[in-house]
Amino acid sequence: MIERKFITENLKELQVQEFISESLKNVGHSKTKLVKTPLGEKIVIYASRPGLIVGRKGENIKKLTNVLKKRFEFENPQIEIAEVENPNLDAQIVAERIASTLERFGIQKFKAIGHKTMQEVMNAGALGIEIKMSGKIPSARAKTWRFYSGYLKKSGDIAQTSVKHANAQAQLKPGTVGIKVSIMPRDIKRPDDITITETPQQKPPVNQKQEPLQENKKNKETKE
């Protein structure tokens, strides 16, 4: 019974995340977290443009709260919006930006969009980035285009835990274009990083036995 309860709760959280990501397109949505509190469910939405999510006088938040109450049977959902500090280092925001730009300008400028986005991410301080666009671009035959720059881990613990991955889709006239973005932040501690620390130079110890010898020599000279 306990296992079924955990499964249903995790499934419900996943459904809430998918619903919010679908309803908050083109507003810089990054991720959603569901936290249980004594007062009710607390939903934290991370986005780069919180003003578009809130709306005028909080209209969008009120609508989203009512939908969550009816659809997922939440008693008292509390929505909190957190702003993403650096959107260019968030893989989900970057992937959605590429998708919206492709839908706006079409597939003819996909190379310029890929290179420009890659340069913006590297200028923001990322160690490496990889962008993959899959679909009927630029011709009727499906193809995968890859844009990459910098250093990016693809295997090991760092690739699974620290490298950020995200997927997005762009609906174009020839068909759906899949976009996959992988970003490696700068604050990752790699196992091959080596730091060299310089030890302070120690002064050589003073030989205390030499002083009395010199004094004995002076005494001998005076006697002579």
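Every letter in the sequence shown is one number past the one before it in the working numbering, and letter 54, counting from 1, is 809.
Even glycine gets a Cβ: it sits at the ideal position worked out from N, Cα and C.
Which residue or residues does DSSP assign as beta-bridge partners of residue i?
i, result
"GLN833", "LYS797"
"GLN926", "THR931"
"HIS784", "ALA802"
"THR792", "GLY795"
"GLU838", "ALA802"
"LYS919", "ILE938"
Which residue marks the beginning of the beta strand (DSSP E) containing residue i, and which one marks its end?
i, result
"GLY905", "898 to 905"
"ILE884", "883 to 890"
DSSP three-state label for residue i, please.
i, result
"LEU823", "helix"
"LEU968", "Note that LEU968 scores a pLDDT of 48, beneath 50, so its modelled location is shaky; the value from the coordinates is reported in the next line. In the structure shown, LEU968 sits in a helix (DSSP, three-state: H, G or I)."
"VAL936", "strand"
"GLU758", "helix"
"GLU773", "helix"
"LYS818", "helix"
"LYS812", "helix"
"SER778", "helix"
"LYS944", "coil"
"LYS767", "helix"
What whole-angstrom Cβ distance do residue i and residue j have, given they're in contact under 8 Å?
i, j, result
"SER785", "ILE868", "Not confirmed; about 20 Å, so no contact."
"ALA873", "SER910", "Reading the sequence as shown, one finds Met at residue 873 and not Ala. No, MET873 and SER910 are not in contact; Cβ-Cβ is about 22 Å, not under 8 Å."
"ILE938", "LYS919", "5 Å"
"LYS887", "LYS812", "Not really, about 41 Å apart at Cβ, beyond 8 Å."
"VAL782", "ALA802", "6 Å"
"ALA921", "ALA850", "4 Å"
"ILE800", "PRO832", "Not really, about 12 Å apart at Cβ, beyond 8 Å."
"GLY795", "GLU830", "6 Å"
"LEU819", "ILE836", "Incorrect: roughly 10 Å between the Cβ atoms, too far for contact."
"LEU789", "LEU857", "No, LEU789 and LEU857 are not in contact; Cβ-Cβ is about 31 Å, not under 8 Å."
Along the chain, where does the alpha helix (DSSP H) that runs through residue i open and close?
i, result
"SER711", "Because the chain in this structure spans residues 756 to 979, residue 711 falls outside the shown range and cannot be described."
"ASP912", "912 to 916"
"LYS866", "865 to 878"
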